[in-house]
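Residue numbers (this note's numbering): 2 to 116. A short write-up of the structure that comes next.
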Amino acid sequence: MSAVWKLRLFRWIYVAFLVQASVGTALGGLHHAHENTHGSHLLALALIEIVAALAFLIERVEGYAATALIAVFAIATVLSIASGEWPLRFFYYAATALFIAASAGRSPAPACATS
Numbered sequence: 002m003s004a005v006w007k008l009r010l011f012r013w014i015y016v017a018f019l020v021q022a023s024v025g026t027a028l029g030g031l032h033h034a035h036e037n038t039h040g041s042h043l044l045a046l047a048l049i050e051i052v053a054a055l056a057f058l059i060e061r062v063e064g065y066a067a068t069a070l071i072a073v074f075a076i077a078t079v080l081s082i083a084s085g086e087w088p089l090r091f092f093y094y095a096a097t098a099l100f101i102a103a104s105a106g107r108s109p110a111p112a113c114a115t116s
């Protein structure tokens with residue numbers, strides 16, 4: 002198996018993992034959305050993460066998708082800390098997105114693109 006296909010397989014597995022975890026988070030957020038605002042935040046973040054993860058499969062927009070994923074992970078980190086949880090998993094998720102994008106020769110989208 003070539004290095005290109007190994008990276009694609011790794012990307013697909015990563016996306017499958019993110020989507021599966023995000024669907025669980027979205028369902029939990031939907032269940033708790035009527036109880037408090039945290040459920041609504043979880044639902045919104047999970048839906049954004051699902052869209053960004055699926056976009057991460059499209060190599061042409063991979064850098065933008067990685068940027069969106071990293072933003073979601075940053076927000077999730079803050080919410081995790083506020084809830085008294087350890088956010089280490091979000092650092093791992095972000096590092097994995099960065100690794101895949103960098104290995105494919107694409108880095109996350111710059112915050113301010115110039116023409």
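Glycine included, C-beta positions come from ideal geometry on N, C-alpha and C.
Asked                                                                                                                                    : Found
Applying the 10 Å Cβ sphere with the 16-neighbour rule, what's the burial state of residue 93?                                           : exposed
Output the boundary residues of the alpha helix (DSSP H) element that contains residue 66.                                               : 63 to 83
What do you get for residue 47, buried or exposed, if any count of 16 or more other CB atoms within 10 angstroms of its CB means buried? : buried
So residue 104 is in the alpha helix (DSSP H); what residue range does that whole segment cover?                                         : 89 to 104
Among 14, 4, 43, whose alpha-carbon lies nearest the alpha-carbon of residue 76?                                                         : 43
Within the chosen definition, does the stretch 57 to 71 reach the stretch 80 to 90 through at least 3 CB pairs nearer than 8 angstroms?  : no
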